[in-house]
Amino acid sequence: MAERVDERALDEVVTFTSDLIRIDTANRGGGDCRERPAAEYAAARLAEAGIEPTLLERTPGRTNVVARVEGTDPSADALLLHGHLDVVPAEAADWSVHPFSGEVRDGIVWGRGAVDMKDMDAMILAVVRSWARKGVRPRRDVVIAFTADEEASAEDGSGFLADEHPGLFEGCTEGVSESGGFTFHDGAGRQIYPIAAGERGTAWLKLTARGRAGHGSKVNPDNAVTRLAQAIARIGAHEWPLRLTPTVRAALTELAALYGIETDLTDVDALLDKLGPAAHLVEATLRNSANPTMLNAGYKINVIPGEAVAYVDGRYLPGAEDEFRGTLDRLTGPDVEWEFHHREVALQAPVDSPTFARMRAAVEEFAPEGHVVPYCMSGGTDAKQFSRLGITGYGFTPLKLPEGFDYGALYHGVDERVPVEALHFGVQVLDRFLRTA
Numbered sequence: 002m003a004e005r006v007d008e009r010a011l012d013e014v015v016t017f018t019s020d021l022i023r024i025d026t027a028n029r030g031g032g033d034c035r036e037r038p039a040a041e042y043a044a045a046r047l048a049e050a051g052i053e054p055t056l057l058e059r060t061p062g063r064t065n066v067v068a069r070v071e072g073t074d075p076s077a078d079a080l081l082l083h084g085h086l087d088v089v090p091a092e093a094a095d096w097s098v099h100p101f102s103g104e105v106r107d108g109i110v111w112g113r114g115a116v117d118m119k120d121m122d123a124m125i126l127a128v129v130r131s132w133a134r135k136g137v138r139p140r141r142d143v144v145i146a147f148t149a150d151e152e153a154s155a156e157d158g159s160g161f162l163a164d165e166h167p168g169l170f171e172g173c174t175e176g177v178s179e180s181g182g183f184t185f186h187d188g189a190g191r192q193i194y195p196i197a198a199g200e201r202g203t204a205w206l207k208l209t210a211r212g213r214a215g216h217g218s219k220v221n222p223d224n225a226v227t228r229l230a231q232a233i234a235r236i237g238a239h240e241w242p243l244r245l246t247p248t249v250r251a252a253l254t255e256l257a258a259l260y261g262i263e264t265d266l267t268d269v270d271a272l273l274d275k276l277g278p279a280a281h282l283v284e285a286t287l288r289n290s291a292n293p294t295m296l297n298a299g300y301k302i303n304v305i306p307g308e309a310v311a312y313v314d315g316r317y318l319p320g321a322e323d324e325f326r327g328t329l330d331r332l333t334g335p336d337v338e339w340e341f342h343h344r345e346v347a348l349q350a351p352v353d354s355p356t357f358a359r360m361r362a363a364v365e366e367f368a369p370e371g372h373v374v375p376y377c378m379s380g381g382t383d384a385k386q387f388s389r390l391g392i393t394g395y396g397f398t399p400l401k402l403p404e405g406f407d408y409g410a411l412y413h414g415v416d417e418r419v420p421v422e423a424l425h426f427g428v429q430v431l432d433r434f435l436r437t438a
């Protein structure tokens, strides 16, 4: 049997996850976050293992950590292994435990960041520290990056690193981060492990309608609120056309084979019906999307404002940005202007690469009953910013989860938590993958 991580690594991954959760790095946007204490914690754990960390900030307190573990083959391309240190906010009154307690109870680690993504940060630390104790080196250089600001614009995190410190990532051609390699139970006894090989692009939009301000009792055909409301209604009701990217095609093909269904991509809706719950792995990435999320207009009930503003969370598939832009031009119409509040590229990674095959093999070694499939993420990660350096990104945070454990619902959700056994599985699978990558 191939050598595995030591027992101490299994203990450390739990300890590190809990410790990191207890460091409140809630990112409220607008610069309201301070990742430095978590960055210093991660840097100290690396330094204890003889791995020299570099701490970098664009803004005071918004700290990133980068380190490199040298591989045995200097001719091999380097691999980027990255995880973010910030988390979304949490309202303590809504939780069963305090969201920043890091409590370990009944084999579960509780708290904000347990799955998004302080668990992966802890896995990375536990793996490389185990290597240091045992004198293990990976085949290729592994560059570790713990980033700030992923839950907002990434301007203080991966964007800053990619733009201002590209030399730290010299030789990196591929990257691995959130979110894939977790157990998806289909309700019929199958355990599916999706590995991400793509992301929809981010298109957060600001819509502005202008009109004629006036008294609320007067007839006003140039009402900015009315114009904005009409545009928002059109956007919310729009049915985006089906667009199958190579990653989603591969996902549908492998899922159909798993279920013994003839692959008919001319009628995707019928195929999804036959896949049952497994359809959830692909249905959000079959189309572009645009969801209105925020409205802001007026200051007094009897005053018609001269301007009204809305925000829309838009996402577009690889290769579909032009279609997205054109559709928004049409839906907003001549009386409403729109602009990107924040934009990032869509990503696509090959599912027939040696790296994907090694991730698949690592999962199958520790979960032989599982079925690995590729999938595309509906949202985005720091892989978008690192793609500026020519780094192809995959989502791979392996976790073996029990049936009934709704992984997706815990992302940004109440009572976020992760089983201890899932962390043990993750650190072993990540170790196996990184040694062979």
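Sequential numbering from 2 applies to the sequence shown in the numbering used here. Backbone N, C-alpha and C fix where the C-beta goes; we use that ideal spot for every residue, glycine too.
Of the residues Ala285, Ser131, Val137, Asp314, the one placed nearest Glu71, counting alpha carbons only: Val137
For Phe325 and Glu508, the rounded distance between their alpha carbons: Examination of residue 508 is not possible in this model, given that the chain is present from 2 through 438 alone.
Cβ pair Gly158, Thr148 closer than 8 Å: yes
Beta strand (DSSP E) segment containing Ser178, residue limits: 173-178
Beta strand (DSSP E) segments (min. 3 residues) lying fully within the region 216-301: 290-298
Burial state of Arg35, where buried means 16 or more other Cβ atoms lie within 10 Å: buried
First through last residue of the beta strand (DSSP E) which encompasses Val66: 64-70
Alpha helix (DSSP H) segments (min. 4 residues) lying fully within the region 392-428: 408-411
Exposed unless 16 or more other CB atoms sit within 10 angstroms - verdict on Met2: Residue placement at Met2 cannot be trusted, given a pLDDT of 45 that sits under 50; the coordinates are not used to answer.
DSSP three-state assignment for Met2, whether helix, strand or coil: Note on Met2: pLDDT 45, under 50, position unreliable in the model; the coordinate value appears next. Residue state, collapsed to three classes: coil.
Element boundaries [beta strand (DSSP E), containing Phe147]: 143-148
Under the three-state DSSP convention, the category Trp111 falls into: strand
Cβ-heavy atom distance, Asp223 to the ligand GDP, below 7 Å: Summarising the ligand content, the structure contains no ligands, and the ligand GDP is consequently not present.
Same chain only: Cβ atoms within 7 Å of Ile1, ignoring 5 sequence neighbours per side: Outside the shown range of the chain (2 to 438) lies residue 1, about which nothing can therefore be said.
Rounded Cβ spacing between Phe426 and Pro399 (contact assumed at less than 8 Å): 6 Å
Top-ranked residue by Cα proximity to Pro195, from Phe185, Pro222, Arg228, Glu156: Phe185
Outcome for Ala302 when other beta-carbon atoms lying within 10 angstroms are tallied against a minimum of 16: First, the amino acid is wrong: residue 302 is Ile here, not Ala. It is exposed - the Cβ of Ile302 has fewer than 16 other Cβ atoms within 10 Å.
Other residues of its chain near Gly299: CB distance less than 6 Å, five sequence neighbours each side excluded: Pro306
Collapsed DSSP secondary structure at Phe183 in the structure displayed: strand
Nearest-angstrom Cβ-Cβ length linking Arg69 and Asp164, presumed shorter than 8 Å: The pair is not a contact, with the Cβ atoms about 19 Å apart (cut-off 8 Å).
For Ala204, the three-state DSSP class (helix, strand or coil): strand
Ile305 - DSSP class collapsed to helix/strand/coil: strand
Separation of Asp270 from Glu284, as counted between CA atoms: 9 Å
Reference Val220, options Ala127, Val304, His372, closest by Cα: Val304
Continuous alpha helix (DSSP H) stretch holding Ala358: start and end: 355-367
Beta-carbon contacts of Arg140 that lie in its chain and below 8 Å, excluding the five residues immediately before and after: Gly72, Thr73, Asp74, Ala77, Arg436, Thr437, Ala438
Cβ distance (whole Å) where Asp314 is taken to contact Trp205 below 8 Å: 6 Å
Whole runs of the alpha helix (DSSP H) within the region 31-67, excluding any shorter than 4 residues: 37-49
Cβ-Cβ distance between Val66 and Ala40 below 8 Å: yes
Val421 versus Arg106, Leu57, Leu56, residue with shortest Cα-Cα distance: Arg106
DSSP state of Val346 mapped onto helix, strand, coil: coil
Cut-off 6 Å between Cβ atoms - residues of its own chain near Gly181, not counting five sequence neighbours on either side: Pro195, Ile196, Ala197, Gly396, Phe397
Proximity below 8 Å, CB of Met378 to CB of Phe434: no
Alpha carbon of Val98 to alpha carbon of Ala423, nearest angstrom: 20 Å
Which of helix, strand or coil DSSP assigns to Pro351: coil
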